[in-house]
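Mind the numbering: the sequence shown is residues -22 to -1, 1 to 165 in mature numbering (1 follows the signal peptide of the UniProt record, and there is no 0), read in order.
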Amino acid sequence: MTLRFKLCLALSAALLASTAQATSTPAPEALTPLLNAIGERLALADQVALSKWDSHKPVEDRQREREVIAAAVAQAPAYKLTGETVEAFFAAQIEANKLVQYINLSDWALDGKAPDLPRPDLVGQIRPQLDRLQKRLLQQLADFAPYRTDPQCPQWLARATHHNKQHPVHRLALIRATAELCIYPKT
């Protein structure tokens, strides 16, 4: 009877798992453009890291971080987003960006050199790109906002980030950048 019970339990668990997968809803269309915009911002982190490598400036730039977040929060009402939502979202973007920078700088220190790539100017070229991207990120966040409380939200993000073909550093940063997108009900 124990073997029969175990077999029945295993079969039930497999059936439940397959039912859960079959009933999971596909991610909303609004998720893809948001993830693409986040990915574009993370790609710029490589260029920021090159600039920091060359200038020997620290990754941490609290003044710039405050400016970026304040500018985004100021624009929040235009996108029907709360300042709190926008502040948390952009803080996560900044932390993810710094993660890429720290890993790159550590790898380059180990190698004794950074890659031989063009070096765009941080203030004149990279930051204006980040500032332009900020508006698109706000719009994409606003478009995805209705889905943030959906019980499937964590699964959508997990699927999107785990099936992502990016470099492992960027994949990890994408996970960090999206870690707070889903809103869990208060218990």
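Glycine included, C-beta positions come from ideal geometry on N, C-alpha and C.
In this text the structure is predicted, and so the values were computed from the model without any measurement.
- Scanning Asn14, Gln118, Thr60 for the CA closest to the CA of Ala48 turns up Thr60.
- For the options Asp121, Glu65, Lys58, Gln133, the alpha carbon positioned closest to that of Thr3 is the one of Gln133.
- Segment contact: the region 81 to 95 against the region 110 to 125, fewer than three CB-CB distances shorter than 8 Å; contact not assigned.
- Beyond the five residues adjoining it in sequence on each side, Leu28 comes within less than 7 Å, by CB distance, of Ala92, Leu95, Arg97 in the same chain, given in chain order.
- By the Cβ rule, the region 144 to 151 does not count as touching the region 100 to 114, because fewer than three pairs are nearer than 8 Å.
- Between Leu20 and Val101, the C-beta spacing is not below 9 Å.
- Cys131 sits in a helix when the DSSP states are folded into three classes.
- With a beta-carbon spacing of about 6 Å, Tyr80 and Val37 fall inside the 8 Å limit used to define contacts.
- Rounded to the nearest whole angstrom, the C-alpha separation of Gln71 and Val64 is 10 Å.
- Ranked by Cα distance from Asn75, the first of His34, Leu159, Leu152, Tyr162 is Leu152.
- With respect to Ala157, Leu9 sits apart: the two C-beta atoms are not nearer than 9 Å.
- The shortest C-alpha to C-alpha distance from Asn14 to any of Ala155, Ala54, His34 is the one to Ala155.
- Ranked by Cα distance from Leu83, the first of Lys143, Asp24, Pro11 is Asp24.
- By the neighbour-count criterion, in which 16 or more other beta carbons inside 10 Å mark a residue as buried, Ala50 falls on the buried side.
- The alpha-carbon separation between Gly17 and Arg42 amounts to approximately 20 Å.
- Residues Thr156, Leu159, Cys160 of the same chain have their beta carbon placed closer than 7 Å to that of Leu135, with the five preceding and five following residues left out of the count.
- Between the alpha carbons of Ala52 and Gln107 lies a gap of roughly 19 Å.
- Judged by DSSP secondary structure, Ala15 falls within the alpha helix (DSSP H) whose first and last residues are 9 to 33.
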